[in-house]
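Engineer:
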Amino acid sequence: MASLTIAVGAEQTAVSKLGSPASPFFLENNGYTESDLHGGIIGVYTERRAQNNEEPVLELYIDPETHVTTIFNNKLHFERSHSCNLQTYEIVQALWHERGINVKKMKWSAMSVDDSSTLKTIREYRESNGLGPRDDIKLVPTSQDWPIFAGTRYREMAYKMVPGAEIDRIIVKSQTSSDTDASDGEAPASEMIMFSFTVPLNDNKAAIDQSAAELAAEDDLNAGLQAAKNAMEAYVKNTQETAPA
Numbered sequence: 001m002a003s004l005t006i007a008v009g010a011e012q013t014a015v016s017k018l019g020s021p022a023s024p025f026f027l028e029n030n031g032y033t034e035s036d037l038h039g040g041i042i043g044v045y046t047e048r049r050a051q052n053n054e055e056p057v058l059e060l061y062i063d064p065e066t067h068v069t070t071i072f073n074n075k076l077h078f079e080r081s082h083s084c085n086l087q088t089y090e091i092v093q094a095l096w097h098e099r100g101i102n103v104k105k106m107k108w109s110a111m112s113v114d115d116s117s118t119l120k121t122i123r124e125y126r127e128s129n130g131l132g133p134r135d136d137i138k139l140v141p142t143s144q145d146w147p148i149f150a151g152t153r154y155r156e157m158a159y160k161m162v163p164g165a166e167i168d169r170i171i172v173k174s175q176t177s178s179d180t181d182a183s184d185g186e187a188p189a190s191e192m193i194m195f196s197f198t199v200p201l202n203d204n205k206a207a208i209d210q211s212a213a214e215l216a217a218e219d220d221l222n223a224g225l226q227a228a229k230n231a232m233e234a235y236v237k238n239t240q241e242t243a244p245a
């Protein structure tokens, strides 16, 4: 079983989660349920959500064609503390396993940015680098400014999603309201941060494949984001049409 350590005062107490993301009923055994909300949007729920446990703690879309995971809303930080609380990457991996998709095929993870600190970092980065307020930010590990975004909590959530993979690109895109409409009535996120995954290759194969892979990767990302956007729009429209008068 997967283990973790929780700080209690000055002590460290070891506890165990029930199973691993590849285990049958992993989410249920740890106190979570999932639902296909509409159009392929997945809602993950737990009774441990401290504020309105009828709302999902995670809303996301998995595109099986482009292998892009798009997280629209992440409220796991609203969970009450419990030994079975799962991290974002564990839930995402479990959802991939449940759908019969090898999580190692994941190419991108895209996440809505919902904290003021990171939004400020994005805004200041654009201003200091002569970018417009809606221009994309694109970084690779050799970029001088890579640590700015590699140090965010979003990268921490992403880096364990694909076992054995490395994050080789970070892209930040400004979103319109229709791109990231929230189902829970909150203001939609204005930015989305995306992480590209790559499995290290031997030197010879890397030299042959790297250029072609880079050309195709952003096409996959854009197609995956469009599929996620279409799914969210269908979900929001259905919610509006079926809401009580």
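Read in the UniProt record's numbering, the sequence shown has 121 at position 121, and its numbers run on one by one without any break. Glycine included, each C-beta is placed from N, C-alpha and C at the ideal position. Source: prediction; values computed, not measured.
Please report how far the alpha carbon of H97 lies from the alpha carbon of I62, in whole angstroms.
Structural biologist: Sequence index remark: in the sequence shown, residue 97 carries index 97 (1-based). Sequence index remark: in the sequence shown, residue 62 carries index 62 (1-based). For H97 and I62, the distance between alpha carbons rounds to 12 angstroms.
Engineer: Below 7 angstroms between beta carbons: does that hold for L60 and I71?
Structural biologist: Locating residue 60 in the sequence shown gives position 60, where the first residue counts as 1. Locating residue 71 in the sequence shown gives position 71, where the first residue counts as 1. Yes, the pair counts as a contact, with Cβ atoms nearer than the cut-off.
Engineer: Measure the C-alpha to C-alpha separation of S20 and N238 and round it to an integer number of angstroms.
Structural biologist: By one-based count along the sequence shown, residue 20 stands at place 20. By one-based count along the sequence shown, residue 238 stands at place 238. Cα to Cα, S20 sits roughly 34 angstroms from N238.
Engineer: Look at the alpha carbon of T46 and the alpha carbon of T33, and state the distance between them as a whole number of angstroms.
Structural biologist: By 1-based counting over the sequence shown, the position of residue 46 is 46. By 1-based counting over the sequence shown, the position of residue 33 is 33. Roughly 6 angstroms separates the two Cα atoms.
Engineer: Do E28 and R48 have their C-beta atoms closer together than 7 angstroms?
Structural biologist: Locating residue 28 in the sequence shown gives position 28, counting from the first residue. Locating residue 48 in the sequence shown gives position 48, counting from the first residue. No, the Cβ-Cβ distance between E28 and R48 is not below 7 angstroms.
Engineer: Determine, using beta carbons only, whether V68 and G224 come nearer to each other than 7 angstroms.
Structural biologist: Along the sequence shown, one-based indexing puts residue 68 at 68. Along the sequence shown, one-based indexing puts residue 224 at 224. It is a contact, given that the beta carbons lie within the stated cut-off.
Engineer: Does the region 134-146 come within contact of the region 100-107, defined as at least 3 CB pairs closer than 8 angstroms?
Structural biologist: They do not touch, by the three-pair rule.
Engineer: If the criterion is Cβ atoms closer than 7 angstroms, does the pair residue 247 and I122 meet it?
Structural biologist: Outside the shown range of the chain, which is 1 to 245, sits residue 247, and nothing can be said about it.
Engineer: Let me know the secondary structure DSSP gives E127 once reduced to three states.
Structural biologist: Mapped onto the sequence shown, residue 127 falls at position 127. E127 falls in the helix class under three-state DSSP.
Engineer: Does the beta-carbon distance from Y89 to K17 come in below 7 angstroms?
Structural biologist: Residue mapping note: residue 89 aligns to position 89 of the sequence shown, counting from 1. Residue mapping note: residue 17 aligns to position 17 of the sequence shown, counting from 1. No, the Cβ-Cβ distance between Y89 and K17 is not below 7 angstroms.
Engineer: Let me know the secondary structure DSSP gives S35 once reduced to three states.
Structural biologist: In the sequence shown, the residue the question calls residue 35 occupies position 35. Of the three classes helix, strand and coil, the one that applies to S35 here is strand, per DSSP.
Engineer: For P56, count neighbouring C-beta atoms within 10 Å of its own C-beta (all shown protein chains included) and say buried if the count is 16 or more, exposed if not.
Structural biologist: Numbered from its first residue, the sequence shown carries residue 56 at position 56. The residue is buried, with at least 16 neighbouring Cβ atoms inside 10 Å.
Engineer: When you compare each of S116, E65, H82, N30 to A50 by their alpha carbons, which one comes out closest?
Structural biologist: Position 50 of the sequence shown, counting from 1, holds the residue named residue 50. It is H82.
Engineer: Assuming A50 is part of the alpha helix (DSSP H), what are its boundary residues?
Structural biologist: For the purposes of this step, residue 50 is taken as the residue at position 50 of the sequence shown. Looking at the DSSP string, A50 is not in any alpha helix (DSSP H), and its letter there is neither H nor E.
Engineer: Would you give the residue range spanned by the beta strand (DSSP E) that residue 255 belongs to?
Structural biologist: Only positions 1 to 245 of the chain appear in the structure, and residue 255 is not among them; the question remains open.
Engineer: How big is the Cα-Cα spacing for S35 and I42?
Structural biologist: Position 35 of the sequence shown, counted from the start, is the residue given in the question as residue 35. Position 42 of the sequence shown, counted from the start, is the residue given in the question as residue 42. Cα to Cα, the separation comes out at about 6 angstroms.
Engineer: With distances taken Cα to Cα, identify the nearest neighbour of V103 among I170, N73, E65.
Structural biologist: In the sequence shown, counting from the first residue as 1, residue 103 sits at position 103. Here the closest residue by C-alpha is E65.
Engineer: When burial is assigned at 16 or more other CB atoms within 10 Å of the CB, is L135 buried or exposed?
Structural biologist: Residue 135 sits at position 135 when you count from the first residue of the sequence shown. A small correction: the amino acid at residue 135 is Asp; Leu does not occupy that position in the sequence shown. So D135 counts as exposed.
Engineer: Here's the rule I'm using: 16 or more other beta-carbon atoms within 10 Å means buried, otherwise exposed. How should S112 be labelled?
Structural biologist: Along the sequence shown, read from residue 1 onward, the residue named residue 112 stands at position 112. Buried, by the Cβ-count rule.
Engineer: Would you kindly report the start and end of the unbroken alpha helix (DSSP H) that includes E90?
Structural biologist: The residue given as residue 90 occupies position 90 in the sequence shown. Segment 88-98, the alpha helix (DSSP H) holding E90.
Engineer: Using only the alpha-carbon positions, how far apart do T242 and A94 sit?
Structural biologist: Position 242 of the sequence shown, counted from the start, is the residue given in the question as residue 242. Position 94 of the sequence shown, counted from the start, is the residue given in the question as residue 94. Between T242 and A94, the C-alpha separation is close to 30 angstroms.
Engineer: If you count every other CB in all the chains shown that lies within 10 Å of the CB of K120, and 16 or more means buried, which is it?
Structural biologist: Counting from 1 along the sequence shown, the entry for residue 120 is found at position 120. Exposed, because fewer than 16 other Cβ atoms sit within 10 Å of the Cβ of K120.
Engineer: Pick from A217, H77, E127: whose alpha carbon is nearest that of R169?
Structural biologist: For the purposes of this step, residue 169 is taken as the residue at position 169 of the sequence shown. Residue A217 is the option with its Cα nearest to R169.
Engineer: Would you give the residue range spanned by the alpha helix (DSSP H) that M157 belongs to?
Structural biologist: For the purposes of this step, residue 157 is taken as residue 157 along the sequence shown, with counting starting at 1. Start and end: 153-158.
Engineer: Is I148 helix, strand or coil when you go by DSSP?
Structural biologist: One-based indexing of the sequence shown puts residue 148 at position 148. Three-state DSSP puts I148 in a helix.
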